[in-house]
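Engineer: Remember, our numbering sits 53 above the position in the sequence shown when you count from 1. No residue lacks a Cβ here, since even glycine has one placed at the ideal position from N, Cα and C. Predicted model only: the values in this text are computed from it and were never measured. What follows is a structure written as structure tokens; I'll ask about it next.
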Amino acid sequence: MYSDQDDIIVSLKKELATQKALVAEAKALRLQLSQVQTENIKLTAENKNLSDTLHESQTEIKSLTMKLSAARSTSVDNRSNANVPSSAVKTAHQRVNSSQSATKRQGLAIEKLKEDLYSDLTGLMIRNVRRLDEEDIYDCIQTGRNGCKFPLVLLPTLAGSLVLISFAALHFHLSISHLSPTSTTPGGPGGYDDMEFAYVPLFDKKNDKDLLEILPDYLTEEICFPRSSAAKFYAKVGDCMNSRVEVVG
């Protein structure tokens with residue numbers, strides 16, 4: 054009996070010894086794992102530092118390359134400009150200014166030709182335009198066979214003197230409002246075609262007596278009309294100034 058118990062005890066002691074060895078081995082493995090993890094963390098940090106240093110170096114190299122390129126370009130430009138006399142630079146500026154002035158004069162000449170052709174075709178002369186805050190005011194003269202003798206221009210004669218030329222004409226102001234259209238629908242209320250025109254006749258009581266007798270009443274007083282009626286209005290003015298009038302009496 055004692056022999057069996059001794060065998061069990063011996064067996065248990067062997068098993069305990071084996072478990073202690075396993076525990077010791079496991080502890081050693083955990084320590085080794087901890088050391089490996091610590092080393093891994095250290096290597097990761099060092100790798101990050103190296104990557105940051107490499108990035109900074111690349112950025113600095115790129116910056117230095119750009120500065121070097123700019124310095125070379127400036128050096129080339131300076132050498133090129135040094136070879137150009139200041140008189141040549143001044144002449145180039147003068148040529149540019151002269152070209153711009155010529156273009157401006159040509160533009161003004163073309164506008165004058167357009168104005169002269171319009172006046173020849175219609176008999177309407179626009180003497181002046183005043184721009185106010187809310188409207189443009191056109192000083193107009195409509196010439197024709199009817200109307201008063203309106204002094205228009207002074208023309209030089211062959212002898213060098215000036216002669217006053219006068220025409221049968223209707224003198225009036227035409228105002229166009231600056232108010233912006235409120236409608237976005239073509240032809241709708243408050244749209245572009247409804248921008249207001251104002252006609253103001255400028256009569257001379259002494260000289261315009263005959264003209265007042267042939268003009269319709271609506272052209273002898275101030276009237277307003279929408280932009281869509283402007284062409285119709287002007288057709289009436291031209292007709293009144295150029296139609297032959299039969300004088301009875």
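Measuring alpha carbon to alpha carbon, tell me which residue in Ala155, Leu268, Ile229 and Gln58 is nearest phenylalanine 250.
Structural biologist: In the sequence shown, residue 250 corresponds to position 197, counting from 1. Here the closest residue by C-alpha is Ile229.
Engineer: For isoleucine 179, which option in Glu109, Lys165 and His231 has the closest C-alpha, if you only look at C-alpha atoms?
Structural biologist: For the purposes of this step, residue 179 is taken as residue 126 along the sequence shown, with counting starting at 1. Isoleucine 179 has its Cα closest to that of Lys165, out of Glu109, Lys165 and His231.
Engineer: Could you tell me the alpha carbon to alpha carbon distance between histidine 48 and serine 152, rounded to whole angstroms?
Structural biologist: The structure shown does not extend to residue 48, since the chain is modelled only from 54 to 302, so the question has no answer here.
Engineer: Quick check on DSSP: helix, strand or coil for glutamate 249?
Structural biologist: Sequence index remark: in the sequence shown, residue 249 carries index 196 (1-based). In the structure shown, glutamate 249 sits in a strand (DSSP, three-state: E or B).
Engineer: Quick check on this structure: which residue in Gly197, Ile114 and Tyr252 has the alpha carbon closest to the alpha carbon of aspartate 292?
Structural biologist: Position 239 of the sequence shown, counted from the first residue, corresponds to residue 292. The option with the nearest alpha carbon to aspartate 292 is Gly197.
Engineer: Which residue's Cα is closest to the Cα of leucine 185: Lys157, His231, Gly160 and Leu161?
Structural biologist: Locating residue 185 in the sequence shown gives position 132, counting from the first residue. Nearest C-alpha to leucine 185: His231.
Engineer: Drop a sphere of 10 angstroms on the beta-carbon of tyrosine 171, count the other beta-carbons inside from all chains shown, and report buried for 16 or more, exposed for fewer.
Structural biologist: Locating residue 171 in the sequence shown gives position 118, counting from the first residue. Flag for tyrosine 171 reads exposed.
Engineer: Out of Asn150, Tyr252 and Asn199, which one is the CA nearest neighbour of isoleucine 190?
Structural biologist: Position 137 of the sequence shown holds residue 190. If we check each option's Cα against that of isoleucine 190, Tyr252 comes out closest.
Engineer: Work out the CA separation of serine 126 and serine 236 for me, nearest whole Å.
Structural biologist: Taking the first residue of the sequence shown as 1, we reach residue 236 at position 183. Taking the first residue of the sequence shown as 1, we reach residue 126 at position 73. In this prediction, serine 236 scores a pLDDT of 46, lower than 50, which makes its location untrustworthy; the coordinate-derived value is nonetheless stated afterwards. One C-alpha to the other measures close to 57 Å.
Engineer: Tell me which same chain residues have a C-beta within less than 6 Å of the C-beta of arginine 148, skipping the five on either side of it?
Structural biologist: Taking the first residue of the sequence shown as 1, we reach residue 148 at position 95. Correct list: empty, nothing qualifies.
Engineer: Whose CA, out of Val290, Gly160 and Asp105, lies closest to the CA of leucine 177?
Structural biologist: For the purposes of this step, residue 177 is taken as residue 124 along the sequence shown, with counting starting at 1. Among Val290, Gly160 and Asp105, the Cα nearest to that of leucine 177 belongs to Val290.
Engineer: Applying the 10 Å Cβ sphere with the 16-neighbour rule, what's the burial state of methionine 294?
Structural biologist: Here residue 294 is taken as the residue at index 241 of the sequence shown, counted from 1. Buried: at least 16 other Cβ atoms inside 10 Å.
Engineer: In the DSSP assignment, find the unbroken alpha helix (DSSP H) run with leucine 264 in it and report its ends.
Structural biologist: For the purposes of this step, residue 264 is taken as the residue at position 211 of the sequence shown. Counting along the chain, the alpha helix (DSSP H) containing leucine 264 begins and ends at 262-267.
Engineer: May I ask you to report which of helix, strand or coil DSSP gives aspartate 189?
Structural biologist: Along the sequence shown, one-based indexing puts residue 189 at 136. Correct three-state label for aspartate 189: strand.
Engineer: Compare the Cα-Cα distances from glutamine 195 to each of Ala77, Gln85, Lys66 and Ala288 and report the closest residue.
Structural biologist: For the purposes of this step, residue 195 is taken as the residue at position 142 of the sequence shown. Closest by alpha carbon: Ala288.
Engineer: Tell me phenylalanine 256's beta-bridge partners as DSSP assigns them.
Structural biologist: For this step, residue 256 is matched to residue 203 along the sequence shown. DSSP, once it has assigned bridges, lists no residue as partnering phenylalanine 256.
Engineer: Given a threshold of 16 other Cβ atoms within 10 Å of its Cβ, counted over all protein chains shown, does alanine 222 qualify as buried or as exposed?
Structural biologist: Here residue 222 is taken as the residue at index 169 of the sequence shown, counted from 1. Burial call: buried.
Engineer: Can you give the beta carbon distance from histidine 226 to leucine 255, rounded, assuming they're within the 8 Å contact cut?
Structural biologist: Taking the first residue of the sequence shown as position 1, residue 226 is located at position 173. Taking the first residue of the sequence shown as position 1, residue 255 is located at position 202. With 8 Å as the limit, histidine 226 and leucine 255 qualify as a contact, their Cβ atoms being about 7 Å apart.
Engineer: So for serine 152, helix, strand or coil by DSSP?
Structural biologist: The residue given as residue 152 occupies position 99 in the sequence shown. In this structure, serine 152 counts as helix in the three-state DSSP scheme.
Engineer: Have a look at asparagine 260 and isoleucine 267 and give me their C-alpha separation to the nearest angstrom.
Structural biologist: If you number the sequence shown from 1, residue 260 lands on position 207. If you number the sequence shown from 1, residue 267 lands on position 214. Their Cα atoms are separated by approximately 14 Å.
Engineer: Once DSSP output is grouped into helix, strand and coil, what is the label at histidine 108?
Structural biologist: For the purposes of this step, residue 108 is taken as residue 55 along the sequence shown, with counting starting at 1. Helix, per DSSP.
Engineer: With a 10 Å radius around its C-beta and 16 neighbouring C-beta atoms as the bar for buried, classify leucine 272 as buried or exposed.
Structural biologist: Stepping through the sequence shown from its first residue, residue 272 is reached at position 219. With 16 or more Cβ atoms within 10 Å of its Cβ, leucine 272 is classed as buried.
Engineer: Name the DSSP bridge partner or partners of arginine 183?
Structural biologist: For the purposes of this step, residue 183 is taken as the residue at position 130 of the sequence shown. In DSSP, arginine 183 forms a bridge with Ile190.
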